[in-house]
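J.: Numbering (the working numbering), first residue to last: -19 to 83.
Ideal Cβ positions, reconstructed from N, Cα and C, are used throughout, including at glycine.
Note that this is a predicted model, so its numbers are computed, not measured.
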């Protein structure tokens, strides 16, 4: 198991981490669901990394599963971080392989 060095919370399961950037994981998912309402149905947190969190969702218009990646709330206003996030998306969008989902 992995534990938070600040609060001691168990970090073994990314979907059950009690706090993310000062907000609970469930609170962030609810806020994301509200922001994307009508277009996507956010189902669950798939995982987190240095560049954000990835959620499984359903595209309601196209009726297909999608992954939605969002920036951590504490860096969403950091211009350099946002630029790196956008560059990562552009780079990933160039990948073309049968085992990689298109962006």
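1. Determine the contact status of residue 26 and residue 36, defining contact as a CB-CB distance below 7 Å.
2. Which first and last residues belong to the beta strand (DSSP E) in which residue 33 is found?
3. Taking Cβ to Cβ, would you say residue 73 is nearer than 7 Å to residue 80?
4. Within the continuous beta strand (DSSP E) that includes residue 62, where are the two ends?
5. Between which two residues does the beta strand (DSSP E) carrying residue 48 extend?
T.: Per the coordinate set shown:
1. Within the chain shown, residue 26 is the residue found at index 46, counting from 1. Within the chain shown, residue 36 is the residue found at index 56, counting from 1. In this structure, residue 36 lies closer than 7 Å to residue 26 by Cβ.
2. As a first step, residue 33 is located in the chain shown; it is residue number 53 there, counting from the start. Unbroken beta strand (DSSP E) run through residue 33: 32 to 39.
3. Walking along the chain shown from the start, residue 73 turns up at place 93. Walking along the chain shown from the start, residue 80 turns up at place 100. No, these two residues do not count as a Cβ contact at 7 Å.
4. Looking up residue 62 in the chain shown gives position 82. Taken as a continuous stretch (DSSP letters only), residue 62 belongs to no beta strand (DSSP E), being part of the alpha helix (DSSP H) at 59 to 73.
5. In the chain shown, residue 48 corresponds to position 68, counting from 1. Counting along the chain, the beta strand (DSSP E) containing residue 48 begins and ends at 44 to 50.
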